[in-house]
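To start, the structure itself, in structure tokens.
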Amino acid sequence: MFILYRSKRNHRLRDTIWYLIDGLQFSFFTIFDLISSSTLIRLLLVTLILPFYIIRQLLDCSLDLLSNLPYLYTSNGRGKLVACADRHREITATRASQQYAGEYIIRGRRLETRLPVRGECPGWVHEPHYLRVCGARAAYYRIEAEVSAKKKKTFVLLHGNLSWSYAYRNIIPRILAEGHDVVALDMIGFGMSDRLMNPDEISVELHAHTVETLINNVVEDDCVVVAHGWGGTMIELALPHIKRGKVGAIFFVSSFFAPRVDSYITLNQKLLHLFLYMVTGVLYTHTPDWIVLLYMVPSIRRGSILGFSWPYRHQPSAARTSVYKLARSSTDLPRWMYKLREAYAWRLFEGVIGPKRCDGFHQQARIADLDDEIIKTLSSEKSPFGMRRAVVACGTKDTISSDSTHQLHEMLPHRLTRDFGGKVVKIEGAGHYPLEERDKRVHAVLMDLVDKL
Numbered sequence: 001m002f003i004l005y006r007s008k009r010n011h012r013l014r015d016t017i018w019y020l021i022d023g024l025q026f027s028f029f030t031i032f033d034l035i036s037s038s039t040l041i042r043l044l045l046v047t048l049i050l051p052f053y054i055i056r057q058l059l060d061c062s063l064d065l066l067s068n069l070p071y072l073y074t075s076n077g078r079g080k081l082v083a084c085a086d087r088h089r090e091i092t093a094t095r096a097s098q099q100y101a102g103e104y105i106i107r108g109r110r111l112e113t114r115l116p117v118r119g120e121c122p123g124w125v126h127e128p129h130y131l132r133v134c135g136a137r138a139a140y141y142r143i144e145a146e147v148s149a150k151k152k153k154t155f156v157l158l159h160g161n162l163s164w165s166y167a168y169r170n171i172i173p174r175i176l177a178e179g180h181d182v183v184a185l186d187m188i189g190f191g192m193s194d195r196l197m198n199p200d201e202i203s204v205e206l207h208a209h210t211v212e213t214l215i216n217n218v219v220e221d222d223c224v225v226v227a228h229g230w231g232g233t234m235i236e237l238a239l240p241h242i243k244r245g246k247v248g249a250i251f252f253v254s255s256f257f258a259p260r261v262d263s264y265i266t267l268n269q270k271l272l273h274l275f276l277y278m279v280t281g282v283l284y285t286h287t288p289d290w291i292v293l294l295y296m297v298p299s300i301r302r303g304s305i306l307g308f309s310w311p312y313r314h315q316p317s318a319a320r321t322s323v324y325k326l327a328r329s330s331t332d333l334p335r336w337m338y339k340l341r342e343a344y345a346w347r348l349f350e351g352v353i354g355p356k357r358c359d360g361f362h363q364q365a366r367i368a369d370l371d372d373e374i375i376k377t378l379s380s381e382k383s384p385f386g387m388r389r390a391v392v393a394c395g396t397k398d399t400i401s402s403d404s405t406h407q408l409h410e411m412l413p414h415r416l417t418r419d420f421g422g423k424v425v426k427i428e429g430a431g432h433y434p435l436e437e438r439d440k441r442v443h444a445v446l447m448d449l450v451d452k453l
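Going by UniProt numbering, the final residue of the sequence shown carries number 453, and the count climbs one at a time with no gaps.
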């Protein structure tokens with residue numbers, strides 16, 4: 001890939017060329033980000049990608065359509081299609097529930113990730129330890145400070161999608177310098193964790209159980225969780241299964257829960273999420289990581305891009321299945337749409353096109369149901385979770401999840417968010433990746449949070 005290519009020759013011409021390329025890519029993606037932040041432009045992008053998305057979906061389900069259409073002509077045949085859809089939905093929900101409770105054993109093929117030789121992955125030198133989660137290996141990095149702080153804490157770092165613990169490489173040294181320990185987790189399918197090659201065995205519930213297993217078995221009490229993007233959803237879903245007193249505070253960075261008020265997410269953000277959803281629907285696991293990263297962080301350098309994508313080097317595209325599954329689990333849909341799943345016409349539609357093609361939709365519905373239950377418990381004055389503080393932060397230039405982040409803040413009870421003026425903390429000049437763009441500011445907020453515990 002051109003943008004990741006690095007010559008081994010160390011001479012001035014090479015450095016000049018790469019300097020020009022970095023400048024051009026920054027200018028291009030900064031301008032593109034500025035232009036595409038317009039609602040009209042996003043609507044245009046959705047309109048342009050829509051025909052390709054429809055064609056791709058029709059091609060994928062063509063065999064199921066051809067074989068199932070004859071069943072529509074008889075009531076008995078339609079009943080079989082509905083029964084097939086219901087059976088698949090029940091199997092999927094049961095599997096997810098078992099994973100959530102840690103009662104499932106992964107049976108599909110697993111691919112182990114080769115560990116980088118020291119210096120091979122730019123900016124990352126930490127050796128992983130491993131947890132066994134439902135039969136798969138989840139990598140985590142435990143890094144202890146040389147000198148302990150008076151109010152020593154353990155920071156649990158949770159990454160989002162299209163990422164891994166590498167995203168915290170700039171924050172980790174700052175936390176250690178303050179005398180605190182760090183435990184960073186790679187979700188299954190990300191970073192140095194095992195890749196699950198069977199998409200049916202990958203679920204948000206599995207990731208939530210991974211977080212729960214880590215915190216309950218590896219991390220000390222009263223830890224501080226830092227969650228970026230999807231990491232916030234994972235810690236929320238894990239809370240009911242985490243022992244009381246384990247989590248003292250959570251710092252959400254450009255994160256989100258399932259939307260609870262349908263009108264809260266603006267059309268502008270919904271259009272962007274719809275565009276990204278359809279792009280992954282067209283390209284599937286072949287969606288280029290570097291393009292997405294450059295769009296989210298125009299200032300990112302080629303070495304950092306190499307670091308983010310390093311775990312997938314020399315692996316088949318199917319190794320990105322976890323990335324794809326999370327991208328298809330976006331929860332921007334209004335709650336009333338999930339109720340359509342129970343309608344006879346919808347179940348018949350699922351049976352005709354093949355029930356597996358609606359797995360992402362059912363995953364979204366399950367997240368929404370779990371979210372309702374957890375937020376209700378969290379809002380109680382006698383909440384069993386034992387958490388004392390929560391801080392929500394996002395970049396001032398975040399055009400991807402700013403609405404969702406503000407809604408997350410509104411959903412959390414005021415007794416948890418009363419610090420920092422009871423408002424969302426704005427990271428000046430940062431986009432969706434404040435950890436990458438404004439790590440000093442993120443570190444300052446983190447230390448302020450520790451002082452308030």
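All residues carry an ideal CB built from backbone N, CA and C; glycine is no exception. The structure presented is a predicted model; accordingly, all values stated were derived computationally and were not measured.
From the DSSP output, in three-state form, read off residue i for me.
{"i": "Lys8", "result": "Any reading at Lys8 needs caution, since the residue's pLDDT is 46, under 50, leaving its predicted position unreliable; the model's value is listed next. DSSP places Lys8 in coil when its eight states are reduced to three."}
{"i": "Trp18", "result": "The predicted model places Trp18 with a pLDDT of 49, which falls under 50 and marks its position as unreliable; any figure quoted below should be read in that light. If DSSP states are grouped into helix, strand and coil, Trp18 belongs with the helices."}
{"i": "Tyr277", "result": "helix"}
{"i": "Tyr433", "result": "coil"}
{"i": "Leu453", "result": "coil"}
{"i": "residue 498", "result": "Since the first residue shown for the chain is 1 and the last is 453, residue 498 is missing from the structure and cannot be characterised."}
{"i": "Ala258", "result": "coil"}
{"i": "Leu214", "result": "helix"}
{"i": "Ala136", "result": "strand"}
{"i": "Leu333", "result": "coil"}
{"i": "Arg195", "result": "strand"}
Using beta-carbon positions only, say whether residue i and residue j come within less than 8 Å of one another.
{"i": "Thr154", "j": "Asp186", "result": "no"}
{"i": "Val225", "j": "Val247", "result": "yes"}
{"i": "Leu449", "j": "Arg389", "result": "yes"}
{"i": "Ile265", "j": "Ser38", "result": "no"}
{"i": "residue 475", "j": "Val156", "result": "The chain is shown only over 1 to 453; residue 475 falls outside these bounds and no answer can be derived."}
{"i": "Arg169", "j": "Trp230", "result": "no"}
{"i": "Ile171", "j": "Met296", "result": "no"}
{"i": "residue 457", "j": "Leu158", "result": "Lying before the first or after the last residue shown, residue 457 is absent from the chain, which here runs from 1 to 453."}
{"i": "Thr92", "j": "Asp359", "result": "yes"}
{"i": "Phe252", "j": "Val442", "result": "no"}
{"i": "Leu239", "j": "Phe385", "result": "yes"}
{"i": "Val424", "j": "His409", "result": "yes"}
{"i": "Ile202", "j": "Ser322", "result": "yes"}
{"i": "Gly303", "j": "Pro173", "result": "no"}
For residue i, report the span of its beta strand (DSSP E) as first-last.
{"i": "His409", "result": "Here His409 belongs to no beta strand (DSSP E); instead the alpha helix (DSSP H) covers Ser402 to Met411."}
{"i": "Leu157", "result": "Thr154 to Leu158"}
{"i": "Ile250", "result": "Val247 to Val253"}
{"i": "Ile175", "result": "No beta strand (DSSP E) holds Ile175; the alpha helix (DSSP H) holding it covers Ile172 to Ala177."}
{"i": "Arg132", "result": "His129 to Val133"}
{"i": "Cys121", "result": "Taken as a continuous stretch (DSSP letters only), Cys121 belongs to no beta strand (DSSP E), as it is neither H nor E."}
{"i": "Asp181", "result": "Asp181 to Leu185"}
{"i": "Val425", "result": "Val425 to Ile427"}
Looking only at its own chain, which residues have a Cβ that is under 8 Å from the Cβ of residue i, when we skip the five neighbours before and after it?
{"i": "Tyr312", "result": "Asp289, Ala319 and Arg320"}
{"i": "Lys152", "result": "Ala145, Gly179, His180 and Asp181"}
{"i": "Val147", "result": "Gly179"}
{"i": "Arg95", "result": "Tyr104, Asp200, Glu201 and Ser203"}
Please report whether the beta-carbon of residue i lies at a distance below 8 Å from any beta-carbon of chain B.
{"i": "Val46", "result": "Annotation note: the requested chain B is absent from the structure, which comprises a single protein chain."}
Between the C-alpha atoms of residue i and residue j, what's the straight-line distance to the nearest angstrom?
{"i": "Gln363", "j": "Lys325", "result": "10 Å"}
{"i": "Glu437", "j": "Gln99", "result": "35 Å"}
{"i": "Asp439", "j": "Ile143", "result": "18 Å"}
{"i": "Met234", "j": "Ser75", "result": "43 Å"}
{"i": "Arg244", "j": "Asp222", "result": "9 Å"}
{"i": "Glu103", "j": "His209", "result": "10 Å"}
{"i": "Leu214", "j": "Glu428", "result": "32 Å"}
{"i": "Lys80", "j": "Ile374", "result": "36 Å"}
{"i": "Ala444", "j": "Ala149", "result": "16 Å"}
{"i": "Ile105", "j": "Gly135", "result": "5 Å"}
{"i": "Tyr71", "j": "Cys84", "result": "12 Å"}
{"i": "Cys61", "j": "Phe308", "result": "33 Å"}
{"i": "His286", "j": "Val219", "result": "36 Å"}
{"i": "Ser255", "j": "Tyr433", "result": "10 Å"}
{"i": "Asn216", "j": "Tyr53", "result": "42 Å"}
{"i": "Ile49", "j": "Ser317", "result": "22 Å"}
{"i": "Ser7", "j": "Arg366", "result": "With a pLDDT of only 43 at Ser7, under the threshold of 50, the placement of this residue in the model should not be trusted; the figure read from the coordinates follows. When rounded, the distance between both Cα atoms is 48 Å."}
Quick one: residues in its chain with C-beta nearer than 7 Å to the C-beta of residue i, no 5 flanking neighbours on either side, listed in chain order?
{"i": "Trp164", "result": "Asp186, Phe190, Gly191 and Pro311"}
{"i": "Leu271", "result": "Thr39, Arg42, Leu43 and Val46"}
{"i": "Asp332", "result": "Pro259, Ile265, Lys270 and His273"}
{"i": "Asn268", "result": "Thr39 and Arg42"}
Kindly list the residues whose CB is nearer than 6 Å to the CB of residue i, restricted to its own chain and excluding five residues on each side of it in sequence; keep chain order.
{"i": "Asp451", "result": "none"}
{"i": "His88", "result": "Pro355"}
{"i": "Thr113", "result": "Met192 and Pro311"}
{"i": "Ala430", "result": "Gly395, Glu437 and Arg438"}
{"i": "Arg109", "result": "Met197"}
Hey, could you find the ends of the alpha helix (DSSP H) residue i is sitting in?
{"i": "Cys84", "result": "Ser75 to Ala101"}
{"i": "Lys151", "result": "Taken as a continuous stretch (DSSP letters only), Lys151 belongs to no alpha helix (DSSP H), as it is neither H nor E."}
{"i": "Gly395", "result": "Unbroken run through Gly395 is the beta strand (DSSP E), Arg389 to Gly395; no alpha helix (DSSP H)."}
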